[in-house]
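A short write-up of the structure that comes next.
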Amino acid sequence: MNSFSYTRADDVATALREVAADGAAKFIAGGTNLIDLMKENVERPSRLIDITRLTLGGIRPRSDGGLRLGALATNTDVAYHKEIERRYPLLSKAILAGASPQLRNMATVGGNLLQRTRCCYFYDTATPCNKRTPGVGCSAIAGFNRAHAILGTSAACIASHPSDMCVALAALEAVVRVTGSVGERVVPFAAFHRLPGDTPNIDTNLQADEIITGVDLPARGFAEHHAYLKIRDRASYAFALVSVAAALEMDGNTITEARLALGGVAHKPWRDPQTETMLHGQSATRENFKRVAEALLRDAKGFGRNRFKIELAKLAIVRALSQASFKEAHS
Amino acid sequence: MNSKPKADAATKATVSLPTKNGITLKVNGAVKQIEIAPWTTLLDALREHLGLTGTKKGCDHGQCGACTVLVNGKRITSCLTLAIMHDGAEVTTIEGLAEGEVLHPLQKAFVEHDAFQCGYCTPGQICSAVGLLREGKAKSPEDIRELMSGNICRCGAYANIVAAIEQVSRMGERGDEE
Amino acid sequence: MRTEHIGKPISRVDGRAKVTGAAKYAAEYNVPGLVYGVVVSSAIAKGRITRIDVAEALRLPGVLQVFTHENSPLLAQSDNSYSDEVAPPGSPFRPLHDGEIRYSAQPVALVVADTFELAHYAASLVRIGYERDAHATNLNEERERAYQPRPREFIPPPESRGNAEKAFAEAIVRLEEEYSAPIEHHNPMEPFATTVLREENGRLLVYDKTQGVQNVQNYLCNVFGYSKGDLRVLSPFVGGAFGAGLRPVYQVFLAVLAARELKRSVRVSLMRQQMFTFTHRPAIWQRVALGAAPDGTLEAITHKAIAETSQFEDYSETVVNWSGLLYRCDNVELSHTVVKLDLHTPGDMRAPGAVWGLHALECAMDELAFKVGIDPIELRLKNYAERDQNEGKPFSSKELRACYRLGAEKFGWARRNPQPRSMREGNVLIGWGMAGGVWEAFHITADAKATLTADGRLTVSSATADIGTGTYTIMTQIAAEMLGLPIEDVTFKLGDSSLSKSPVEGGSFTASTVGSAVKAVCEKIRKKLFQLARKIDGSPLANTKLDNVRFVDGQIRSHNDSSRAVSLIEAMRHGGLSAIEEKASAGPTPEQMQYSRFAHSAVFTEVRIDEDLGTIRVMRVVGAVAAGRILNPKTARSQVLGAIVMGIGTALEEESVIDHTFGRIMTHNLADYHVPVNADVHDIEVIFVQEQDEAVNPLGAKGLGEIGIVGVAAAIANAVFHATGKRIRDLPITLDKLL
Ligand SMILES: Cc1cc2nc3c(=O)[nH]c(=O)nc-3n(C[C@H](O)[C@H](O)[C@H](O)COP(=O)(O)OP(=O)(O)OC[C@H]3O[C@@H](n4cnc5c(N)ncnc54)[C@H](O)[C@@H]3O)c2cc1C
Ligand code: SF4
Ligand code: FES
Ligand code: FES
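Residue numbers (the numbering used here), protein chains in the order written: chain A, 1 to 331; chain B, 332 to 509; chain C, 510 to 1248.
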């Protein structure tokens, strides 16, 4: 770790003031991603602003029937919250598919949104990486890219977003609430994370002087028809090769609404609402699921060791949709 | 052997190193005050500053669970958190589980079931199991396996670890005596 | 008092220390004034350092020194001085010796500072310029460069017999396949670490993570010119090693260097990333050709292996010899060659050679069984070797048949439909596979010392190690039973170079090797005690011979008449002795050497594979092991359970991936290098097959550290075939290979 100073913020305004005063300052919440990267010399903040004592925890009902997750609610708080388990089981399952109980006890909603890629070159300062140092090249494109993206990649970066929670949030069309020096704003989930383009160093549309205060879940939780499917190299405690959050609204065997978000395949949780509409009014059959899977992956591009993900993603989509279409969702 | 070049006072002075802060931790029931720089993790504070080497460092990156301790009753990986962030917190480590000579039921069950070999992952496993039982989410051996998967045992003692935890969980131990 | 201990499921004597956190490992000795060293690793795979700028690091207050090749003191010059008990032929790697880079992430500097955090930070400020040379790290691209390595001690070069080429050409059934496997890293949970405590008189106490304290002591004395009296190596607890700690690891060199130069106590711990920067199980390519009669009788076996070694040493292991041993066959051709790559030298990792060799052989046997249409067990029984044809010797014992039979019974093998893809539940394909295993029952020479004090307490010691294998417990059991004492009255000491001579702990030979020495030294004590007991006035044992007494319940008792007894304490008191101290040495006898001595196993596995997604779960494993006498069924079972778990890793998960552009291992952490987690492991059953063996060694025990892993990868691969109809011959079997 580099040398840094530490302050504990007691309210959001102070936190924002502190971060605005120092361009290289960072917030720290659970620390599970930031400290990891600091130990690798990938992150070298000059100052850490401890936000864990802000009153941004908690999970509260919203007037529109949804829920608000405080930015500091831990992954465990959210996953095991009674209302989440009952109304948003997709989110609960996605979170429980990630990391380990110990890490989930520390990791926060805000930090999970902002966790950085697990690309092994990004983590290893002995190898070039555009995300770490723009312009030096991407080692993964011709390298070990088993974990990397197949959708929305750029010539500069093919990293994938590692979060499970965010995949569910994307499917649920959550809204991120942020506060900055100019006040509060809301960011639709789809607009929160970015594709790498030629600025792979920028992961999200959050501004440097902004803080995430919470995530709003809309009223609809797809509790009846949902599935979170995570495919990985061992049974637990591993990042997704591919994950799928599927959420359906059904009338008998007819799908009235479909949401599909993919993890592990792009720089952000991947959604394509246009393609999802293909399922509207269709019956829940393997053939229909296959068609939508093909369509979702039509532009997918492999880079050697991750090429299998294209086929795997399709198979996973079909499986997740099948599971979701059962009334008693198994996943 | 070259000796260290004498850095002149001026250059020394310009280098800023993190300043130490006093923090208080309640570790295994005892109040401890330590002077600590912000960059010291809770794990290193326990091992290097408080001499509590029972908590292990297996990876220092949240990837193995050897450093698991209970902070305010919850299991966490102490390598990925800064000690300074826990000023005022209650920390329970492996050294705090037994009551005098009487082992915690999980410690006893681990010995009986031979739930370890080299013993290096063991303090983390046991602290994690204390957390697990307290959480009350594990209803079956399958659940125990999943919810203990954050603790890697390279000696591969998993079957015995699960058996030990199952036994204690059947005994109805909530595992919260400290 | 219960004093019969051998063969009893006694809980580990060090168990309490391990579950309370009291057991101290190498990085856990804290003294005031201790300073911390952090290793800087090279960023390139090959070339040389052109510039190394340590000024910025040194400017930090609290940074004491940055050791590099530029300021390293003059140390021993000959390769010999850097060699060790386990070193393969060649020039051992010398840390900070020169500016040459021989492999990626080799240690290039040690930063020493007041605190760990400061040393870590300062390490990031060391600026290094390199001149790169072209490197070669891809075994598959370099196979034509394979050559015959200089042989290692104890590793017999493969010997061929008959004419395999001709017999293969003439065989009616022919099978020829290639198998490959990547580099694996041991990754014990405890990172390698050394704490050097410097006493005021300059003597060093070196707490090191090692499987051989005397091996490390010799190395350090040779390299740094210490006398053995001035440098003692201790390793009372080792957080796993699996072979990674057989040779001295570079952090011990660096820690001693720093302690010597700075005249301070120093700790150097490796980061997890650096656990990928020294020894490893070598990547390998193998070809197996089997020629057989239509009924499966083997007529020709060809087994060829090409593995990697470093540019500086010839590492080899016993990969192919098993193919000439396990089955009866008169035409056998074996070859094992290596390719020099720009990587660190590989080393022994749990069942070195056998894990790879048996993977190929036992998969090929499964393929042959399928081809000729007979059950895999039947094929193995048909070709069962009653003698070691490699050496032309009888086996000291070989209950492999019983392993097949009992394992199969327990598993329910008889219900298996041989047809691939014949068992399923919905989307889930179920496969059953089996394989055999074999490992050497080595026995080498070791010494032990024992002291019995007047209070009836016994202390026995030898400079061996307990890396989780249960050495403390088993040696305590042997000694306690020999003298008829309760476990609590016996202490076994190990992990200290000042104790009696012992080889490194490895190869599964510790139970037999150190156990035989412990037995021998206890025999001496028995003799002394018996003499004392007979000398007592009116001794009830006056007319008895040593052969006719038993040592039980703290007494020496006549076999025929148990009322005639003298307690050990009485004997000591009458003899006026405050202590009896004995030393003994034990090694293999010429009689033992007349036999081929091996442990055997049969492994049965059930896999469940998602037909669409390719995810594999190992739901059941039965491991049946014949390893002679089982000294402690509890710790023995744990050894085999753990080895099976590691075998699951080998089969399905473990791979150190090299990016050949950089010649660098990129999966250098426990998130990318997958080892099995709890949820990967389901039902595992271990069966110990009865095996009486008087010939193998004085204890009749063959050792259990390795046999459990051998055959596991093949059994799983064979089960995968049975489930899916696909032969995946390249390990690990990850889901993408099944798609
Ligand atoms: C071994 C391991 C395995 C893991 N496996 C998984 C997995 O399988 N699936 C998965 O989804 N995740 C996984 N994770 C990642 C884990 O979920 C994230 O590290 C965690 O969610 C990050 O949350 P945090 O609170 O600890 O973030 P921190 O580390 O505290 O912060 C991360 C970043 O977010 C910023 N930040 C935090 N909070 C705010 C806020 N409120 N406003 C603005 N900025 C903020 C920080 O400045 C920092 O840049 C794993 C992590 C580890 C170490
Ligand atoms: S994929 Fe992105 S993060 Fe990975 S090396 Fe390339 S630029 Fe860096
Ligand atoms: S040391 Fe903290 S998880 Fe490994
Ligand atoms: S007991 Fe050795 S790692 Fe678990």
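Where is the CB? At the ideal position from N, CA and C, for every residue including glycine.
Fair warning: this is a prediction, and the values are worked out from it, not measured in the lab.
Please report whether the beta-carbon of residue 330 (chain A) lies at a distance below 8 angstroms from any beta-carbon of chain C.
Translated into the one-based positions of the first sequence, residue 330 (chain A) becomes position 330. Per-residue confidence for residue 330 (chain A) stands at a pLDDT of 43, beneath the threshold of 50, marking its modelled position as unreliable; no derived number is given.
Where do the ends of the beta strand (DSSP E) carrying residue 1212 (chain C) lie?
Reading the third sequence from its first residue, position 703 is the one you call residue 1212 (chain C). That residue, residue 1212 (chain C), is in no beta strand (DSSP E); it is neither H nor E in DSSP.
Alpha carbon to alpha carbon, what distance is there between residue 869 (chain C) and residue 1200 (chain C)?
One-based indexing of the third sequence puts residue 1200 (chain C) at position 691. One-based indexing of the third sequence puts residue 869 (chain C) at position 360. Straight-line Cα distance between these residues: approximately 27 angstroms.
At least three beta-carbon pairs within less than 8 angstroms, the stretch 813–821 of chain C to the stretch 835–846 of chain C
yes
Chain A partners of residue 391 (chain B), CB-CB under 8 angstroms?
In the second sequence, counting from the first residue as 1, residue 391 (chain B) sits at position 60. Chain A residues near residue 391 (chain B): 39.
Reducing DSSP to helix, strand and coil, say where residue 1156 (chain C) ends up.
For the purposes of this step, residue 1156 (chain C) is taken as residue 647 along the third sequence, with counting starting at 1. Here residue 1156 (chain C) sits in helix by DSSP.
Own chain, CB closer than 6 angstroms to residue 494 (chain B), minus 5 neighbours either side, in chain order
Position 163 of the second sequence, counted from the start, is the residue given in the question as residue 494 (chain B). So the qualifying residues of the chain are 444.
6 angstroms CB neighbourhood of residue 1053 (chain C) in its chain, flanking five on each side removed
Position 544 of the third sequence, counted from the start, is the residue given in the question as residue 1053 (chain C). Excluding residues within five positions, the ones whose Cβ falls inside 6 angstroms are 1067.
Is there contact here, the stretch 1008–1021 of chain C with the stretch 1211–1220 of chain C, by at least three beta-carbon pairs under 8 angstroms?
yes
When the Cα atoms are used, what is the spatial distance from residue 392 (chain B) to residue 603 (chain C)?
Your numbering for residue 392 (chain B) matches position 61 in the second sequence. Your numbering for residue 603 (chain C) matches position 94 in the third sequence. Distance between the alpha carbons of residue 392 (chain B) and residue 603 (chain C): 29 angstroms.
Cβ-heavy atom distance, residue 447 (chain B) to ligand 4, below 7 angstroms
Working through the second sequence from its first residue, we reach residue 447 (chain B) at position 116. Residue 447 (chain B) Cβ: within cutoff of ligand 4.
The beta strand (DSSP E) enclosing residue 882 (chain C), as first and last residue numbers
Counting from 1 along the third sequence, the entry for residue 882 (chain C) is found at position 373. Element bounds for residue 882 (chain C): n/a, residue is neither H nor E.
Quickly, what does DSSP pair residue 687 (chain C) with across the bridge? List them, please.
For the purposes of this step, residue 687 (chain C) is taken as the residue at position 178 of the third sequence. Residue 687 (chain C) pairs with C:796.
What residues in the stretch 397–429 of chain B have a beta carbon less than 7 angstroms from any beta carbon of chain A?
Those residues of the stretch 397–429 of chain B that come within reach of chain A (Cβ to Cβ, closer than 7 angstroms) are 399, 405, 406, 407, 408, 411, 412, 413, 415, 416.
Going along the chain, which residues of its own chain have a beta-carbon closer than 6 angstroms to the beta-carbon of residue 775 (chain C), five neighbours each way excluded?
By 1-based counting over the third sequence, the position of residue 775 (chain C) is 266. If we look at residue 775 (chain C) and ignore the five residues flanking it on each side, its Cβ neighbours are 544, 546, 705, 764, 767, 768.
Cross-chain neighbours of residue 1144 (chain C) in chain B, by beta carbon under 7 angstroms
Taking the third sequence and counting its residues from 1, one reaches residue 1144 (chain C) at position 635. What residue 1144 (chain C) touches in chain B: 445.
Counting contacts by CB-CB distance shorter than 8 angstroms, is residue 436 (chain B) in contact with chain C?
For this step, residue 436 (chain B) is matched to residue 105 along the second sequence. Cβ-Cβ to chain C under 8 angstroms: no for residue 436 (chain B).
Beta-carbon contacts of residue 1044 (chain C) that lie in its chain and below 8 angstroms, excluding the five residues immediately before and after
If you number the third sequence from 1, residue 1044 (chain C) lands on position 535. Only 1083, 1084 meet the Cβ criterion.
Would you decide whether residue 927 (chain C) is buried or exposed? Buried here means 16 or more other CB atoms lie within 10 Å of its CB.
By 1-based counting over the third sequence, the position of residue 927 (chain C) is 418. Exposed, because fewer than 16 other Cβ atoms sit within 10 Å of the Cβ of residue 927 (chain C).
Nonlocal neighbours in the same chain, by C-beta distance under 6 angstroms from residue 651 (chain C), ignoring five residues either side
Position 142 of the third sequence, counted from the start, is the residue given in the question as residue 651 (chain C). Counting only Cβ-Cβ distances below 6 angstroms, and skipping sequence neighbours, we find 645, 848.
Can you list, in chain order, the residues of its chain with a C-beta nearer than 6 angstroms to that of residue 1111 (chain C)? Leave out the 5 residues immediately preceding and following it.
Start at 1 with the first residue of the third sequence, and residue 1111 (chain C) comes out as number 602. Within the same chain, residue 1111 (chain C) has close Cβ partners 912, 913, 916, 945, 1133.
Using 8 angstroms as the cut-off, can you tell me whether the stretch 190–207 of chain A makes contact with the stretch 53–61 of chain A, which would need three or more C-beta pairs spanning the two stretches below that distance?
no
CB contact check: residue 1183 (chain C) to chain A, cutoff 8 angstroms:
Along the third sequence, one-based indexing puts residue 1183 (chain C) at 674. Interface residue, yes.
Along the stretch 81–113 of chain A, what residues have a CB closer than 9 angstroms to any CB found in chain B?
96, 99, 100, 101, 102, 103, 104, 105, 106
Check the DSSP bridge columns for residue 1001 (chain C) and list the partner residues they point to.
Taking the third sequence and counting its residues from 1, the one referred to as residue 1001 (chain C) is at position 492. Bridge partners of residue 1001 (chain C): C:969.
Heavy atoms of ligand 3 versus C-beta positions, residues under 6 angstroms:
Chain-ordered list of matching residues: B:388, B:389, B:390, B:391, B:393, B:394, B:395, B:396, B:397, B:398, B:408, B:410.
Range covered by the beta strand (DSSP E) that runs through residue 705 (chain C)
One-based indexing of the third sequence puts residue 705 (chain C) at position 196. That run of the beta strand (DSSP E) goes 702–707.
Hey, does residue 732 (chain C) have any beta-carbon neighbour from chain B nearer than 8 angstroms?
Residue numbering aside, residue 732 (chain C) sits at position 223 when the third sequence is read from its first letter. No, no contact with chain B.
Using a Cβ-Cβ cutoff of less than 8 angstroms, which residues in the same chain neighbour residue 472 (chain C) once the five nearest sequence positions on both sides are dropped?
There is simply no residue 472 (chain C) to check, as chain C begins at 510 and stops at 1248 in what is shown.
For the stretch 19–36 of chain A against the stretch 204–215 of chain A, are there 3 or more C-beta pairs whose distance is under 8 angstroms?
yes
Using beta-carbon positions only, say whether residue 170 (chain A) and residue 90 (chain A) come within less than 8 angstroms of one another.
Working through the first sequence from its first residue, we reach residue 170 (chain A) at position 170. Working through the first sequence from its first residue, we reach residue 90 (chain A) at position 90. No; because the gap between Cβ atoms is not below 8 angstroms, this pair is not in contact.
In chain order, each beta strand (DSSP E) run of at least 3 residues that lies wholly inside the stretch 619–707 of chain C:
636–641, 682–690, 702–707
Can we count residue 163 (chain A) as close to ligand 1, meaning its CB is less than 7 angstroms from some heavy atom?
What you label residue 163 (chain A) is simply residue 163 of the first sequence in a count that begins at 1. Flag set: Cβ of residue 163 (chain A) near ligand 1.
Would you verify that the beta carbon of residue 52 (chain A) is, or is not, closer than 8 angstroms to some beta carbon of chain B?
As a position in the first sequence, residue 52 (chain A) is number 52, starting the count at 1. Yes, its Cβ sits closer than 8 angstroms to a Cβ of chain B.
Span of the beta strand (DSSP E) around residue 429 (chain B):
Walking along the second sequence from the start, residue 429 (chain B) turns up at place 98. Boundaries for residue 429 (chain B): no beta strand (DSSP E) harbours it, and the DSSP string shows neither H nor E there.
Buried/exposed call for residue 736 (chain C), threshold 16 Cβ in 10 Å:
What you label residue 736 (chain C) is simply residue 227 of the third sequence in a count that begins at 1. The residue in question, residue 736 (chain C), is exposed, as its Cβ has fewer than 16 Cβ neighbours within 10 Å.
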